[in-house]
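In the order they appear, the protein sequences are chains A and G. Read in our numbering, the first sequence has 171 at position 179, and its numbers run on one by one without any break. Here our numbering = 1-based position in the second sequence + 243. A short worksheet on the structure shown next.
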Amino acid sequence: MHWVPCGTYNVNYRQDFAIFRTKPHWISLVVFLLILFTLPFYCSRYMLALLSTIGITIIAVQGLGILTGYGGQISIGQAAFMGTGAYLSVILMQRFDFPFLLALFSAGIGSGLVGVVFGLPALRIKGFYLAMSTLAAQLILGWFFLHLRGITGGTEGLHVEHASFAGITFNTPQNKYWLVMVFTLLAIFFAKNLMRTKVGRALVAIRDNDLAAKVMGIEVALYKLLAFFISCFFAGIAGAVYAHYIGFISPVQFTLQDSILYLGILIVGGMGSIMGAIFGTVFMKLIEEFVFVISPMLATWFPGFGAQFFAALSLAFYAIIIILFLVFEPRGINHLWVVLKNRYRLYPFSH
Amino acid sequence: MLMSVAEGIISGIMIGGVYSLVALGIVVVFKSTRVITFTQGGLLLMGAITGWALLGPAGLPVGLGVVLTLAACAFLGMCLDRFTLRPIIGQPILASIMVTIALAWLFDSVGTLIIGGGLRPYPPLLPHGTYKWGRVYISQSLLLQFIIAVLLFIAFTLFYKYGRLGLAMRGTAEDHTVVQSLGIKVTNIFSYSWVIAALSGGVSGILLASTLGATVGLSGIGMKALVVVLIGGMESIPGVILMGPIIGILENLSIQFLDPLVGGGLGEVVPYAVMLIVLLVKPYGLFGLKRIERI
């Protein structure tokens, strides 16, 4: 049960649909945005880099959340679709002189269309079979990144020039941070609203029972492909932003492990919720940083490993966290948040 | 040309025999628990590493080392079922997929922490010569691997068909409620299935590592076995027996003939491409059961 704050009376549809209902809501939103966008003035470069990667990951995970969390179609290929977007945007800008924003949206749409092609099996299969076919998509696309040397640069990757539009060149950490955050907020806003429309409700119906959804008159095939398109569109945008944030792309940045990690983030955060994707991303990135900090200390126990040690250790941490969440809190961090919120709103009473 | 095709096909069949053996574990687990495991590669890796540790540094005799390795694998399989998979019974399919993937990650990283990124050679278990048959050369160790895999398959078939536990497992595969009412504890059967999966992983780990050496990369075979299972059909043991060698051949031939054309790496991709096509045409695999769904 989702409680609204005390004293909220909806007298028209506008109020009923509002995401931000009360004055405290609006105040906290404004304060949050102010803090978010003024951070570059007093934060270290390290913090900005961390927050930017979190922002980019949130875009990709929101996309995956629409497909897997709301739509119930398991996809183990989000990183490859992100890579598709990254490569597309860079190639469009370098070879065809697209302006940045146009290249970004073309990359999103191109990546979405690739996603639809690989989503076609979803019309006939579901569950695990679909997971395997998206995994095949991941490996096949990864093979293309690596072996179409003439276009993608193969293992050497591609160098990305700084993005620029409206006379601003995004070349400093602060600039790039603002760029990333704008797109992250847009993605969250878009995802949140999309899931409250007809499309979102149709996807939830398909997730819960696709046969029943079909009987109710929902075009299951259409909506499944649409979910793939939207999800891969998000991934493409995330990839394009990532490419221009990091300034260099190569196949090792879009691996199967990343795809699985995005699914893990979704589970840790809580499936089928917008906040869940955000919580999950922040949590997992913090874990990564934690491992990054402790691994030099632990590395003294395991001499002779070097960089591999960090990779192995972070993998083990991710694995253990995912397993613990699935066993003890399958609804993810978001569920804890909802419980907390409801408790607060009902405070002196228990229900 | 022709000879190299023949050699490619023959060694493909031999390697495919081991793929089938790995895949057997996946099918057995799926049939009784309805969980599709990505962990098989990790179990294989654990088998390979335990075998290496017992036979190499610990210097145990071969027979004892292998038996101890298999015992360790069986125990590991049981623990997996009890502590990670049993708590998530009843959760959506994504949960079981993610748990098995996370376990595979865990085994990968544990493997890396034990043996590092390098290759740890095994003491020679299988002879390293080659047989010559006409103008075709066959590696002795590959042939022996294949023969061992076939023998194990026969043993498993006998057990599954005529053994009391095998019967219970087949019953569980049909219907959980019915076997429960006949007095069979389904959760025990789940444990046994995982033990069998771990054993099949362990045996094939030792077999593969005895020729290739123990490396962390061995766990990738688990993914290939999944492809074998999917093409063959999730419930079908004959499908697995047939598709293992076919995937082996496909992989070998694409490495031999297509790789020079496109610049390498196709051995990893072709099985998946074939799987995509098969899934589009026959969604439940070539020999799988079609599920009729009701609301």
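We treat Cβ as the ideally placed atom computed from N, Cα and C, and that holds for glycine.
query                                                                                                                                                               : result
How is the alpha helix (DSSP H) around SER223/A delimited, first residue to last?                                                                                   : 212 to 238
Using 8 angstroms as the threshold, is the region 486 to 498 of chain G in touch with the region 511 to 527 of chain G, meaning 3 or more CB pairs across them?     : yes
Quick check for students: name the residue ranges of the alpha helix (DSSP H) that lie wholly in the region 154 to 198 of chain A, counting only runs of 4 or more. : 165 to 186
Would LEU461/G and LEU297/G be called neighbours here (beta carbons separated by less than 8 angstroms)?                                                            : no
Just mark PRO32/A as buried or exposed, buried being the case when its beta carbon has 16 or more other beta carbons within 10 Å.                                   : buried
Examine chain A for any beta-carbon lying closer than 8 angstroms to the beta-carbon of ALA452/G, and answer yes or no.                                             : no
Beta carbon of ILE279/G: closer than 7 angstroms to some heavy atom of the ligand HEM?                                                                              : With respect to the ligand HEM, the structure shown offers nothing to examine, as it has no ligands at all.
Distance check for SER20/A and LEU26/A, CA to CA, integer angstroms please.                                                                                         : 10 angstroms
Measuring alpha carbon to alpha carbon, tell me which of TYR62/A, PRO(-3)/A, HIS17/A and GLU321/A ends up nearest THR189/A.                                         : TYR62/A
Can you have a look at LEU319/G and say buried or exposed, based on whether 16 or more other CB atoms are within 10 angstroms of its CB?                            : buried
Whole angstroms are fine: how far does the CA of PHE29/A sit from the CA of GLN54/A?                                                                                : 21 angstroms
Quick one: give me the first and last residue of the beta strand (DSSP E) that ILE381/G is part of.                                                                 : 379 to 382
Near MET263/A, which residues of its chain fall below 6 angstroms by C-beta distance, leaving aside the five closest residues on each side in sequence?             : GLY61
Closest to LEU362/G by CA distance: which of PHE399/G, LEU451/G and SER443/G is it?                                                                                 : LEU451/G
Within the chosen definition, does the region 272 to 289 of chain G reach the region 247 to 260 of chain G through at least 3 CB pairs nearer than 8 angstroms?     : no
Take the Cβ of LYS375/G as the centre, count every other Cβ of all protein chains shown within 10 Å, and call the residue buried at 16 or more, exposed below.      : exposed
How long is the line joining the alpha carbons of ASN396/A and ALA308/A, rounded to whole angstroms?                                                                : What the structure shows of chain A is the stretch from -7 to 343, and residue 396/A is not part of that stretch, so it cannot be assessed.
Express the C-alpha separation of SER453/G and SER384/G in angstroms, rounding to a whole number.                                                                   : 9 angstroms
What are the boundary residues of the beta strand (DSSP E) that includes TRP376/G?                                                                                  : 373 to 376
What residue range does the alpha helix (DSSP H) around TYR79/A cover?                                                                                              : 70 to 88
Is the CB of SER67/A under 8 angstroms away from at least one CB in chain G?                                                                                        : no
Suppose you measure from the CA of PHE9/A to the CA of ARG193/A; what does that come to, to the nearest Å?                                                          : 15 angstroms
Can you say whether MET524/G is buried or exposed, counting buried as having 16 or more other CB atoms within 10 angstroms of its CB?                               : Here the sequence assigns Val to residue 524/G, which means Met is not the residue at that position. Answer is exposed; the Cβ neighbour count stays below 16.
At a CB distance below 9 angstroms, what residues from the region 300 to 327 of chain G approach chain A? Give them in sequence order.                              : PHE326 and THR327
Could you list which residues in chain G have their beta carbon closer than 7 angstroms to that of ARG116/A, in chain order?                                        : LEU523 and PRO526
List, in chain order, every chain G residue whose beta-carbon is nearer than 8 angstroms to that of GLN300/A.                                                       : THR355, GLY359 and GLY360
With a threshold of 8 angstroms between beta carbons, is MET(-7)/A in contact with chain G?                                                                         : In this predicted model, MET(-7)/A has a pLDDT of only 49, less than 50, meaning its place in the structure is not dependable; the value taken from the coordinates is given anyway. Not one chain G Cβ lies under 8 angstroms of MET(-7)/A.
Look at LEU267/G and VAL483/G and say whether their C-beta atoms are less than 8 angstroms apart.                                                                   : yes
Excluding the 5 residues flanking ILE252/A on each side, which residues of the same chain have their C-beta closer than 8 angstroms to its C-beta?                  : ILE68
Return the CA-CA distance between ILE308/G and GLY294/G, expressed in angstroms with no decimal places.                                                             : Residue identity check: residue 308/G is Gly in the sequence provided, not Ile. Those two C-alpha atoms are separated by around 7 angstroms.
Determine the closest residue to THR373/G out of SER254/G, LEU509/G, CYS316/G and GLU536/G, with distance taken between C-alpha atoms.                              : SER254/G
Determine whether the Cβ of GLY119/A lies closer than 8 angstroms to any Cβ atom of chain G.                                                                        : yes
Grab the span of the alpha helix (DSSP H) containing MET518/G for me, first residue to last.                                                                        : 509 to 524
Which of the residues in the region 478 to 490 of chain G, read from start to end, lie with their CB under 8 angstroms from any CB of chain A?                      : none
Note down, in chain order, all residues in the region 363 to 394 of chain G with a beta-carbon under 8 angstroms from any beta-carbon belonging to chain A.         : none
Which residues in chain G sit within 7 angstroms of MET289/A, going by Cβ to Cβ distance?                                                                           : Chain G residues near MET289/A: none, gap ~15 angstroms exceeds 7 angstroms.
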